[in-house]
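There are 2 protein chains.
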Amino acid sequence: MERIEQRACFGGWQEVYRHHSSALDCDMTFAIYLPPQAGHGPVPVLYWLSGLTCSEQNFITKAGAQRYAAEHGIAIVCPDTSPRGDGVADADGYDLGKGAGFYVDATQAPWAAHYRMHDYVVRELPALVEANFPVTDARAISGHSMGGHGALVAALRNPGRYRSVSAFAPIVAPSQVPWGEKAFAAYLGDEREAWARYDATALVSGELRERLPLLVDQGTADEFLSQQLRPELLHVACETHGHPLTLRMQPGHDHSYYFIASFIGEHVAHHAAALHR
Amino acid sequence: MERIEQRACFGGWQEVYRHHSSALDCDMTFAIYLPPQAGHGPVPVLYWLSGLTCSEQNFITKAGAQRYAAEHGIAIVCPDTSPRGDGVADADGYDLGKGAGFYVDATQAPWAAHYRMHDYVVRELPALVEANFPVTDARAISGHSMGGHGALVAALRNPGRYRSVSAFAPIVAPSQVPWGEKAFAAYLGDEREAWARYDATALVSGELRERLPLLVDQGTADEFLSQQLRPELLHVACETHGHPLTLRMQPGHDHSYYFIASFIGEHVAHHAAALHR
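Top to bottom, those sequences are chains A and B. Just so you know, we're using my numbering here: the first sequence kicks off at 98 and counts up by one. Just so you know, we're using my numbering here: the second sequence kicks off at 98 and counts up by one.
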């Protein structure tokens with residue numbers, strides 16, 4: 098593991114590392130914000146999953162989350178959004194291939210060789226982080242858009258692994274919207290049962306799911322709201338199956354980082370309360 | 098004037114406009130953050146001047162200042178850093194020409210035709226903003242690097258025009274460092290007397306200057322500290338001439354937006370106190 102960036106920020110350090118991922122069979126970068134409290138003892142970790150086209154850089158440069166992480170004494174880890182490198186399969190378009198891993202473990206050629214982002218995010222990266230940084234194994238997870246989908250699925254599929262989960266403008270029902278249908282058909286094949294295991298709206302109807310309450314913020318002026326995000330599908334599923342959901346429709350907000358920046362402080366506080374419990 | 102971006106942010110609006118500048122004789126873009134309080138009555142304005150290579154976008158996407166502006170009820174206006182467009186002279190290198198206007202009114206060919214950023218920032222842009230937005234004529238000014246130089250010079254040269262001034266990692270003595278020597282020779286010619294009128298360290302020795310106290314933050318790990326920024330030159334000039342200066346050396350901080358983000362809240366509070374007085 099090699100440190101490639103280190104910047105003082107709100108009394109702590111914003112760092113970026115490169116390492117070889119065995120889950121993805123390629124080199125990966127991830128970012129970690131270590132708050133000032135990490136200088137005195139281990140701190141819990143919030144994992145942040147970014148959306149389509151993003152790398153580990155978008156959240157750390159645009160969300161302004163470090164201030165809140167420093168206030169609450171939590172680290173924030175941001176992985177990249179797909180495997181990377183010359184040997185990794187890619188596709189035309191921003192919504193499949195590099196930058197568009199959808200946080201699934203692909204089963205179909207040519208994707209299965211590297212696209213195992215669920216395994217990477219849920220298992221390999223936390224193990225690496227917990228072995229190499231002053232952090233505890235108390236974990237929370239959040240994300241935006243494709244990453245909001247990833248965060249909800251990571252939490253729902255892995256009971257006990259996270260203390261809290263939230264999402265900004267998540268793709269709540271990828272099996273039912275164009276972004277998800279394109280990606281899941283490529284990565285997972287035609288069997289819809291395989292898709293349901295990576296679909297938050299489908300997962301909340303399952304018996305073995307995590308029961309954590311879901312905190313979701315969604316802008317009402319989001320340009321992807323009605324075709325790709327469709328939070329009402331998650332709302333209905335949670336109502337039907339008794340899963341706790343706080344869905345906040347935020348007037349006037351779009352899909353951008355201005356939306357994330359406006360509410361990330363409340364999400365960090367939400368996660369900090371669970372992580373420090 | 099045409100609005101080209103509008104995004105909800107911390108209860109207010111982050112907007113970007115395009116207009117024709119008569120000072121610069123070209124089309125320009127600028128950003129304005131209107132806090133929630135601007136919906137109920139006019140608010141004072143902090144002008145932010147960015148550094149080399151920047152546009153109006155860098156500060157609004159990376160500094161996280163909107164939160165503080167919303168807390169304190171002030172607008173923030175961010176101009177571009179040079180004239181723009183196909184008809185505008187440019188040069189090789191990031192430190193002269195487009196993206197590197199140095200906030201001077203050029204007197205030399207080919208620059209004099211468009212490079213009048215001092216006039217634009219101090220006179221034309223505030224007049225445009227005050228005529229078209231719910232703002233008062235209470236003004237503050239700040240900036241980073243080349244923009245920190247621009248902010249200090251704008252305030253020192255224009256007594257009574259600003260209520261407060263601050264800077265992050267400013268080029269405090271452009272006449273004495275490579276960035277400034279290259280730019281000033283091109284824009285202002287060989288006469289060093291002309292340079293002194295755009296040099297904060299030289300201006301604090303003048304009799305007709307603004308007497309406002311200067312607030313300057315400077316990272317100790319800034320990669321440009323010893324060759325281009327040299328805050329000790331301003332410190333000595335202020336000591337010699339009795340100009341109030343608060344120079345804060347911030348341990349471990351570099352020249353990046355992580356540095357700005359870490360302290361912009363304190364600067365906004367500093368300006369808000371003067372603007373609401």
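Glycine is no exception: its CB is placed at the ideal position from the N, C-alpha and C atoms. For clarity, every value in this text was computed on a predicted model and none was experimentally measured.
Does Gly345/B come within less than 8 Å of chain A when only Cβ atoms are used?
Looking at the sequence provided, one finds Arg at residue 345/B rather than Gly. No, no contact with chain A.
Rounded separation between Ile101/A and Ala369/A - CA only
28 Å
Indicate whether the contact test is met: 3 or more Cβ pairs, each with one atom in the segment 119-135 of chain A and one in the segment 323-337 of chain A, closer than 8 Å.
Flag = no, the segment 119-135 of chain A and the segment 323-337 of chain A do not touch.
I'd like to know if Gly349/A contacts chain B, where contact means its C-beta is closer than 8 Å to some C-beta of that chain.
yes
Do Val142/A and Val174/A have their beta-carbon atoms positioned less than 8 Å apart in this structure?
yes
Identify every run of the alpha helix (DSSP H) within the segment 112-166 of chain A, keeping only runs that are complete inside it and at least 4 residues long; order them along the chain.
154-159
For Thr158/A, return the contacting residues in chain B, with the cut-off set at a CB-CB distance below 8 Å.
Thr158, Lys159, Tyr354
Using a beta-carbon distance below 8 Å, is Arg164/B in contact with chain A?
yes
For Arg220/A, I'd like the list of residues in its chain whose CB is within less than 8 Å of its CB, leaving aside the five on either flank, ordered along the chain.
Ala120
Report yes or no: do three or more beta-carbon pairs, one from the segment 222-234 of chain B and one from the segment 282-300 of chain B, lie closer than 8 Å?
Output reads no: the segment 282-300 of chain B does not touch the segment 222-234 of chain B.
For Cys106/B and chain A, any beta-carbon pair shorter than 8 Å?
yes
Beta-carbon contacts of Leu149/A that lie in its chain and below 8 Å, excluding the five residues immediately before and after:
Same-chain partners within the cutoff: Thr178, Tyr191, Asp192, Gly196, Ala197, Ser242, Met243, Trp276.
If you run the structure through DSSP and keep just helix, strand and coil, what is Ile173/A?
strand
Within the segment 196-240 of chain B, ranges of the beta strand (DSSP E) (whole runs, at least 3 residues):
232-240
Out of Val269/A, Met214/A, His350/A, which has the shortest C-alpha to C-alpha gap to Asp296/A?
Val269/A
When you check each C-beta in the segment 253-283 of chain B against every C-beta of chain A, which residues fall closer than 7 Å?
none
Quick one: what does DSSP say Ser261/B is sitting in, helix, strand or coil?
Ser261/B falls in the strand class under three-state DSSP.
Once the 5 residues before and after Ala280/B are set aside, which same chain residues still bring their CB inside 8 Å of it?
Asp192, Leu193, Ala197, Phe199, Val201, Pro271
So, under 8 Å CB-CB, Gly240/A and Ser147/A are touching, yes? Tell me the CB distance rounded to an integer number of Å.
7 Å
Between Ala188/B, Pro348/B, Arg374/B, Leu342/B, which has its C-alpha nearest Thr317/B's C-alpha?
Pro348/B
Can you give me the Cβ contacts of Gln315/B inside the same chain, cut-off strictly under 6 Å, excluding the 5 residues immediately before and after it?
Ala266, Pro328, Met346
Just the chain A side, please: which residues come within less than 9 Å of Gln154/B by C-beta, in chain order?
Within 9 Å Cβ-Cβ: nothing; Gln154/B doesn't reach chain A, min ~11 Å.
Taking Cβ positions only, does Ser239/A come closer than 8 Å to chain B?
no
Which residue or residues does DSSP assign as beta-bridge partners of Trp276/A?
DSSP, once it has assigned bridges, lists no residue as partnering Trp276/A.
Taking a Cβ distance cut-off of 8 Å, strictly less, list which residues of the segment 315-336 of chain A are near chain B, in chain order.
Close to chain B, meaning a Cβ-Cβ distance shorter than 8 Å, are the following residues of the segment 315-336 of chain A: Gly316, Ala318.
Interface residues of chain B around Gln205/A at Cβ under 7 Å?
Those do not exist, as Gln205/A stays about 37 Å from chain B at its closest Cβ, beyond 7 Å.
Is Ser359/B near Phe107/A, with beta carbons less than 8 Å apart?
Taking 8 Å as the cut-off, the beta carbon of Ser359/B is found closer than this to the beta carbon of Phe107/A.
Between the C-alpha atoms of Gln111/B and Thr126/B, what's the straight-line distance to the nearest angstrom?
If you take the alpha carbons of Gln111/B and Thr126/B, they lie about 13 Å apart.
Please tell me whether Glu307/B and Ala252/B are closer than 8 Å, where the distance is taken between their beta carbons.
yes
Check Met98/A in the structure and name its three-state DSSP category.
coil
Kindly say whether Ala358/A, judged by its beta-carbon, lies nearer than 8 Å to any beta-carbon of chain B.
Interface residue (Cβ-Cβ distance to chain B less than 8 Å): Ala358/A is classified as such.
Are the CB atoms of Ala135/B and Ala162/B nearer to each other than 8 Å?
no
Take Gly138/A as the anchor and find which of His116/A, Gly170/A, Trp208/A, Leu300/A has the nearest alpha-carbon.
Gly170/A
Assign Met98/A to buried or exposed, taking buried as 16 or more other Cβ atoms, counted over all protein chains shown, within 10 Å of its Cβ.
exposed
Is the distance from the Cβ of Ile357/A to the Cβ of Ala160/A below 8 Å?
For Ile357/A and Ala160/A, yes; Cβs fall inside 8 Å.
Residues in the segment 111-124 of chain B with C-beta within 7 Å of chain A's C-beta atoms, listed in sequence order?
Gln111
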